[in-house]
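Position in the sequence shown (first residue = 1) + 2 = my numbering.
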Amino acid sequence: ACGFELCLFSPRAPPSRAYPLCPSCFDDSLDDGAAGIASNGADVDASAETFAAVCASGSPHGESHPAVAPLVACACPVSGREGGALLLDPRGGPEWRLVSTRASFAYRLPPFIHSLRVGAPCG
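Structure below.
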């Protein structure tokens, strides 16, 4: 991956979901003005608003980011045409779910599933 310790980002908006977040990559992806605000701490409200805007409806990283790609299961039925994917919620079980990277879509898996992993693509 990118060599930094990952965090879990959980947006407040329903449905309940979480995404892996690399603080270094996320900070690098913000435009220079927002990154400056976030790094110098001068305006905490502005940096929080920027963070919220970037992560409003999905993953803070793209589907190909090394922290996200291993969790991608398939295209998202809601945002797949725009490149969205369903990924295995990194919080794990016992309430397993697939969450969209670009929409507020989540699919809760049946409670009898005790273990999951994402494997190589089929066909």
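Positions of the beta carbon are idealized from the N, C-alpha and C atoms, including for glycine. What you are looking at is a predicted structure, and each value in this text was computed from that prediction instead of being measured.
Whole-Å CB distance - residue i paired with residue j, under 8 Å assumed
i: TYR21; j: PRO68; result: Their Cβ separation, rounded to whole angstroms, is 13 Å, which puts TYR21 and PRO68 out of contact at 8 Å.
Buried versus exposed call for residue i [16 or more other C-beta atoms within 10 Å across all chains shown]
i: ALA48; result: Residue placement at ALA48 cannot be trusted, given a pLDDT of 49 that sits under 50; the coordinates are not used to answer.
i: GLU7; result: exposed
i: ILE39; result: A caution first: ILE39 carries a pLDDT of 38, below 50, which makes its placement in the model too unreliable to give a value.
i: GLY95; result: exposed
i: PRO13; result: buried
i: ALA87; result: buried
i: PHE107; result: buried
i: SER81; result: buried
i: ASP33; result: Bear in mind that a pLDDT of 47 at ASP33, under 50, signals an unreliable position, so the number given afterwards is only what the model happens to contain. Its Cβ having fewer than 16 others within 10 Å, ASP33 is exposed.
i: CYS76; result: exposed
Minimum C-alpha distance to residue i - residue among the options
i: LEU73; options: HIS116, PRO112, VAL120; result: VAL120
i: LEU111; options: ARG104, ASP91, THR103, ASP29; result: ASP91
i: LEU89; options: GLU97, ARG83, VAL101; result: VAL101
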